[in-house]
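The next block holds one structure in the form of structure tokens; read it before the comments.
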Amino acid sequence: MGHCSNCGEKLHKNQEFCTGCGSKVDHQQENAPPSGVSRSGASTKRKPAIYIGLILVIGLLVGGAFYIGGKYSSQKASPVSSGQALKSDKKTPDEKSKEIASQNEEKETSKGKEEKNEESKEEKKEKVAGAKILDIESATEELNKLSIHANGRDISLGEWSIRNINGKLIIQADAIPSDNLDRIFTLYDQNNLTPIKKWSVEVLHVVHELEKQLQLDWSISVGNTCVPQYPVTLPSAVLSGYYGSCGYSIPILEAYDWNDITLFVDENVMSDYATQDFEYTEPFSFYILPNSDVIKLHESDLSWFSEDELRLARNEIFARHGYVFKSDELERYFSDQSWYYPDPYYDGSLSSIEDYNVKLIEKMEEQYK
2 MGHCSNCGEK LHKNQEFCTG CGSKVDHQQE NAPPSGVSRS GASTKRKPAI YIGLILVIGL
62 LVGGAFYIGG KYSSQKASPV SSGQALKSDK KTPDEKSKEI ASQNEEKETS KGKEEKNEES
122 KEEKKEKVAG AKILDIESAT EELNKLSIHA NGRDISLGEW SIRNINGKLI IQADAIPSDN
182 LDRIFTLYDQ NNLTPIKKWS VEVLHVVHEL EKQLQLDWSI SVGNTCVPQY PVTLPSAVLS
242 GYYGSCGYSI PILEAYDWND ITLFVDENVM SDYATQDFEY TEPFSFYILP NSDVIKLHES
302 DLSWFSEDEL RLARNEIFAR HGYVFKSDEL ERYFSDQSWY YPDPYYDGSL SSIEDYNVKL
362 IEKMEEQYK
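The sequence shown runs 2 to 370 under my numbering.
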């Protein structure tokens, strides 16, 4: 069965002419669809389904891309969204004032802690400086703090030891660092004994305090044994008496009582000093401010001082270091003090505590001008 290719009339099998239009039937096209009828009718019906499928696929691809991109960016971005960040940047006046107050409070707290730490350090220093020598342990600690101040350098004598042997205190420092031993002998060779004398007085002061507490005899011996160093200016006749197969054993300080004190081995070096009468009750001269080198003063400590006393107290801080005074009046005053030894090498430097006390005294002196 087919249709006429000219008019579309239905044809019967083996029909030669179309009964509708009379045209001769072409049997090769009898199966062709009538004119105006599309062959793609079936495919046309499938197009909506194809479009829907394409839209779904595209949608899935786009959605997947957004999902992957969002997941990647969330790993790098801040957990706070951009909108929230912008919003958080805009603070109300109250919030700003609270933030400033909080920052100021943190600063004050931090500053307070720092000041407290500084105060505790100063208090600790004052306690140590003012600590009373009560026994061998505390005396040893004080001796270990001492050093010879010369040419802008602190020369340590190493570790001290104090032993009670049969009721007598044996006080020794026999492990002086090699470089420091050289510096001490150089001071001797330069005839610059002022720093060593000043140090020896400080040593004797500690021993004196310990003696009052324990009521025992004592001896002091400072110097290394069997070493290659020695003072080159020491007379050879004297030097030979302190030389052995192991090296030299030159004593720096030896003392057996208050009337038998020598520096090095030359009696002439300490002749004046050795014959000084170290009274048992008070072997050292008067200090206007005994602790002005180790304890910070207060205005109340100076409120009763006269103008002249303040001047002497201020210069006393420098005199402790051996400052050579140009004023005849000050030179005479401090020359009368047994603890004062002029040091031409002293450069005028002070510790932080001494510098503080000098400025405080100067401030108090202004009241009289």
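Ideal placement from N, C-alpha and C gives every residue a C-beta, glycine not left out. As the structure is a prediction and not an experimental result, all values here were calculated from the model.
Endpoints, beta strand (DSSP E) assigned at residue i
i, result
"T263", "D261 to L264"
"Y346", "Element bounds for Y346: n/a, residue is neither H nor E."
"N181", "Per DSSP, N181 belongs to no beta strand (DSSP E); it is in the alpha helix (DSSP H), S179 to D190."
"S372", "Here the chain covers residues 2 to 370 and nothing more, so residue 372 does not appear."
"S157", "R154 to S157"
Segment limits, alpha helix (DSSP H) that includes residue i
i, result
"S237", "S237 to L240"
"Y342", "Neither: Y342 is in no alpha helix (DSSP H) and is coded neither H nor E."
Residue i versus residue j: straight-line alpha-carbon distance, rounded
i, j, result
"K370", "D155", "38 Å"
"S350", "Y257", "34 Å"
"N358", "Y243", "46 Å"
"E366", "D329", "21 Å"
"D294", "L303", "15 Å"
"L215", "D136", "7 Å"
"V204", "Y347", "20 Å"
"H22", "H4", "According to the sequence as given, residue 22 is Cys; it is not His. Their Cα atoms are separated by approximately 12 Å."
"S201", "L211", "15 Å"
"L290", "Y231", "39 Å"
"V376", "A176", "With the chain running from 2 to 370 in the structure shown, residue 376 is simply not present."
"I166", "W259", "20 Å"
"E355", "S241", "44 Å"
"E363", "A238", "53 Å"
"P252", "L194", "15 Å"
"C1", "I59", "The first residue shown for the chain is 2 and the last is 370, placing residue 1 beyond what the model contains."
"E120", "N192", "Residue confidence for E120 is low, a pLDDT of 44 falling below 50, so the modelled location carries little weight; the figure read from the coordinates is stated next. Between E120 and N192, the C-alpha separation is close to 42 Å."
"L235", "K169", "32 Å"
"H299", "H150", "27 Å"
"L144", "L254", "14 Å"
"Y334", "I185", "29 Å"
"P196", "S139", "24 Å"
Backbone secondary structure at residue i - three-state DSSP
i, result
"N145", "helix"
"G54", "helix"
"V325", "coil"
"G60", "helix"
"E366", "helix"
"V207", "helix"
"L303", "helix"
"S289", "Before going further, note that residue 289 is Ile rather than Ser in the sequence given. Of the three classes helix, strand and coil, the one that applies to I289 here is coil, per DSSP."
"D309", "helix"
"V295", "coil"
"Y231", "coil"
"A151", "strand"
"E332", "helix"
"N358", "helix"
"Q338", "coil"
"E160", "coil"
Per DSSP, the bridge partner or partners of residue i
i, result
"S374", "Beyond the ends of the chain as shown, which are 2 and 370, falls residue 374; an answer cannot be given."
"H4", "K11"
"N165", "L170"
"E317", "In the DSSP output, where bridge partners are listed per residue, E317 has none listed."
"E380", "Residue 380 is absent from the structure shown; the chain starts at 2 and stops at 370."
"Y249", "V228 and Y244"
"K199", "DSSP, once it has assigned bridges, lists no residue as partnering K199."
"K25", "F18"
Residue-chain proximity (residue i, chain B), Cβ-Cβ < 9 Å
i, result
"N358", "Looking at the structure shown, chain B is missing, and only one protein chain is on hand."
Okay, do the stretch 172-186 and the stretch 324-337 touch, 3+ Cβ pairs below 8 Å being the bar? no
Could you tell me whether the stretch 222-229 touches the stretch 246-255, where touching means 3 or more Cβ pairs closer than 8 Å? yes
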